[in-house]
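> Numbering (UniProt numbering), first residue to last: 1 to 218.
Virtual Cβ for every residue (Gly too), placed ideally from N, Cα, C.
Next up is a structure, given as structure tokens.
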């Protein structure tokens, strides 16, 4: 009777196979991690966009005479635009977009910060003095620069994780207001809604801005 020899795997072959399996597993896990990171960033962006839209709809629904700042920043109390649509958004060359106090190439009207916008570690510091409405640390809106507080305003801080104590997932909103007037006639108010957050992966500042024109119907 003749016995057949059975050739097994050598230690080197097993080691090579283990390394290949490990590399494939690492690549697979990195792919999953990248997908989770991308998905989280995209969901943050979508929520910020929805938050901005909610604020715009809120201000669009308010009676004109409720939106009364105690004062206007710089020359925003007497602003003009080359072209605007009385029933919607201002479209071209408005004087309230000319100021850039901190020289960061973001007009004050769209800029929540006086200085660097990379404020991930302390996001409520150095907020611009030109903001009419801005976030309090508890998530509510500070409306001390209005003659009267606005009713049922949305929160100025919301969270992707429904918990504003988790800084990585906070979304902030502030509001700027300019008076648009021709000669002595106030034609309306420009309301800048600035919504911003810090990407949960890169920690970089991201923002969405919308300008709503409220026609003076008084």
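What are the start and end residues of each continuous alpha helix (DSSP H) run of 4 or more residues lying completely inside the segment 166–197, in chain order?
Within the segment 166–197, no complete alpha helix (DSSP H) run reaches 4 residues.
> Roughly how many whole angstroms lie between the Cα atoms of residue 206 and residue 120?
Taking the straight line from one Cα to the other gives about 11 Å.
> So, do the segment 124–144 and the segment 103–111 have three or more beta carbon pairs nearer to each other than 8 Å?
Touching, yes.
> Under 6 Å Cβ to Cβ from residue 199, same chain only, skipping five residues before and after it: list those, please.
Here the set comprises 41, 206.
> Distance check for residue 21 and residue 106, CA to CA, integer angstroms please.
Cα to Cα, residue 106 sits roughly 50 Å from residue 21.
> Is there contact here, the segment 10–27 with the segment 131–150, by at least three beta-carbon pairs under 8 Å?
Judged by Cβ distances under 8 Å, the segment 10–27 makes no contact with the segment 131–150, as fewer than three pairs qualify.
> Go ahead and pull the three-state DSSP assignment for residue 116.
Correct three-state label for residue 116: coil.
> Pull up the DSSP beta-bridge partners for residue 211, would you.
Answer by DSSP bridge pairing, in chain order: 192.
> For residue 64, which of helix, strand or coil comes out of DSSP?
The answer is helix: DSSP assigns residue 64 an H, G or I state.
> Mapping DSSP to helix, strand and coil, what is residue 3?
With a pLDDT of only 49 at residue 3, under 50, the local geometry of the prediction cannot be trusted, and the value read off the model is given with reservation. Of the three classes helix, strand and coil, the one that applies to residue 3 here is coil, per DSSP.
> Residues bridged to residue 158 by DSSP?
The partner list for residue 158 (beta bridge, DSSP) reads 171.
> What whole-angstrom Cβ distance do residue 175 and residue 51 have, given they're in contact under 8 Å?
The pair is not a contact, with the Cβ atoms about 12 Å apart (cut-off 8 Å).
> Mapping DSSP to helix, strand and coil, what is residue 93?
Residue state, collapsed to three classes: strand.
> Excluding five sequence neighbours on each side, which residues of the same chain lie with their C-beta closer than 6 Å to the C-beta of residue 134?
These residues qualify, in order along the chain: 127, 142, 174.
> Can you list, in chain order, the residues of its chain whose CB lies under 6 Å from that of residue 183, leaving out five sequence neighbours each side?
Nothing meets the Cβ criterion.
> Put residue 133 into one of helix, strand or coil per three-state DSSP.
If DSSP states are grouped into helix, strand and coil, residue 133 belongs with the strands.
> Expressed to the nearest angstrom, what Euclidean distance is found between the alpha-carbon atoms of residue 19 and residue 30?
If I take the Cα positions, the gap works out to 16 Å.
> Straight-line CA distance for residue 177 to residue 104?
Spanning the two alpha carbons is a distance of roughly 20 Å.
> In angstroms, rounded to a whole number, what distance separates the CA positions of residue 10 and residue 202?
If I take the Cα positions, the gap works out to 45 Å.
> Return the chain-ordered list of same chain residues with a C-beta closer than 8 Å to the C-beta of residue 187, the five sequence neighbours on each side being excluded.
Around residue 187: 86, 180, 181, 215, 216.
> Spatial neighbours of residue 278 within its chain, please: CB distance less than 8 Å, with the 5 preceding and 5 following residues excluded, ordered by chain position.
Missing from the structure shown is residue 278; the chain here goes from 1 to 218 and no further.
> For residue 111, which three-state DSSP category applies?
Three-state DSSP puts residue 111 in coil, outside helix and strand.
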